Amino acid sequence: PDMGAGILYRKGNFFGGFSTNHLIQPEFDFGQDQIANQLIRHYYLTAGYDYALSPEVTITPTLLLKTVGFDSYSWDLSVVGRYNDQLWAGLSYRQSESASIMVGYSILKDRSLALAYALDVVLADRDSKEPTSQEIMLIYKFPSRDKGINLGRNIIRTPRYRY
């Protein structure tokens with residue numbers, strides 16, 4: 003088993019967060035004494051700001067700081083532009099390692115379903131890694147009742163369907 007935890011804070015156009023994974027630090031034993039692998043705890047600190055260039059266009063720069071057991075540090079810097087919160091594109095740079103380009107589109111009017119693509123190009127140590135990697139993402143966001151979003155439907159609470 004493994005566990006992770008995190009928190010994200012958003013106030014106005016600013017957001018920041020902290021997270022960690024491998025809280026339990028499980029160890030994989032491959033049956034040989036010299037071959038064992040422990041998942042070391044990673045810590046992530048992120049911050050960003052949404053700049054509205056117009057009512058339709060928003061630019062969001064984000065900084066992500068990463069550390070593995072507080073022994074080594076690295077950072078990612080990204081910028082994503084959004085049009086009407088429906089179409090987005092961005093660039094990302096991972097310190098001394100790679101650069102990425104990403105695009106995405108919200109398929110449904112309520113923006114709950116999106117399709118996205120990302121291409122990552124390795125800039126360093128290309129001999130030991132694949133030079134590129136690609137991702138195709140299908141994203142679904144559950145509606146949030148606490149923000150008053152009811153997608154045009156009235157929410158009717160009854161004792162039978164309370165939970």
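Residue numbering for the sequence shown follows this note's numbering, starting at 3 and increasing by one per position. Backbone N, C-alpha and C define an ideal beta-carbon position, used for all residues, glycine too. Quick caveat: nothing in here was measured; it's all calculated off a predicted structure.
task: Compute the distance between the beta-carbons of residue 78 and residue 66, then report whether it is under 7 Å.
output: On the sequence shown, position 76 is the one that residue 78 refers to. On the sequence shown, position 64 is the one that residue 66 refers to. Between residue 78 and residue 66, the C-beta spacing is below 7 Å.
query: residue 46 and residue 76: beta carbons closer than 7 Å?
result: Locating residue 46 in the sequence shown gives position 44, counting from the first residue. Locating residue 76 in the sequence shown gives position 74, counting from the first residue. Using a Cβ distance threshold of 7 Å, residue 46 and residue 76 do not count as a contacting pair.
query: Going by DSSP, which residues form a beta bridge with residue 89?
result: To locate residue 89, count along the sequence shown from 1; it is residue 87. Under DSSP, the beta-bridge partners assigned to residue 89 are 85 and 107.
- request: Tell whether a beta-carbon distance below 7 Å holds between residue 122 and residue 98.
  value: Start at 1 with the first residue of the sequence shown, and residue 122 comes out as number 120. Start at 1 with the first residue of the sequence shown, and residue 98 comes out as number 96. No, the pair does not count as a contact, with Cβ atoms beyond the cut-off.
- request: Starting from the C-beta of residue 165, find all residues in its chain whose C-beta is less than 7 Å away, skip the five residues before and the five after it, and write them out in chain order.
  value: Reading the sequence shown from its first residue, position 163 is the one you call residue 165. Only weak support exists for where residue 165 lies, its pLDDT of 44 falling under 50; the coordinates are left without a value.
message: Tell me which residue opens and which closes the beta strand (DSSP E) that residue 49 is part of.
response: Locating residue 49 in the sequence shown gives position 47, counting from the first residue. That run of the beta strand (DSSP E) goes 44-51.
field: residue 31 (DSSP reduced to helix, strand or coil)
entry: By 1-based counting over the sequence shown, the position of residue 31 is 29. Looking at residue 31 - three-state DSSP - the assignment turns out to be strand.
task: Could you check which residue in 70, 141, 10 and 95 has the C-alpha nearest to that of residue 81?
output: What you label residue 81 is simply residue 79 of the sequence shown in a count that begins at 1. If we check each option's Cα against that of residue 81, 95 comes out closest.
- prompt: Quick one: Cα of residue 140 to Cα of residue 108, how far?
  reply: Position 138 of the sequence shown, counted from the first residue, corresponds to residue 140. Position 106 of the sequence shown, counted from the first residue, corresponds to residue 108. Near 10 Å, if we compare the C-alpha coordinates of residue 108 and residue 140.
- prompt: Going by the beta-carbon positions, is the gap between residue 52 and residue 86 smaller than 7 Å?
  reply: Here residue 52 corresponds to residue number 50 of the sequence shown, with the count starting at 1. Here residue 86 corresponds to residue number 84 of the sequence shown, with the count starting at 1. Taking 7 Å as the Cβ cut-off, residue 52 and residue 86 do not qualify as a contacting pair.
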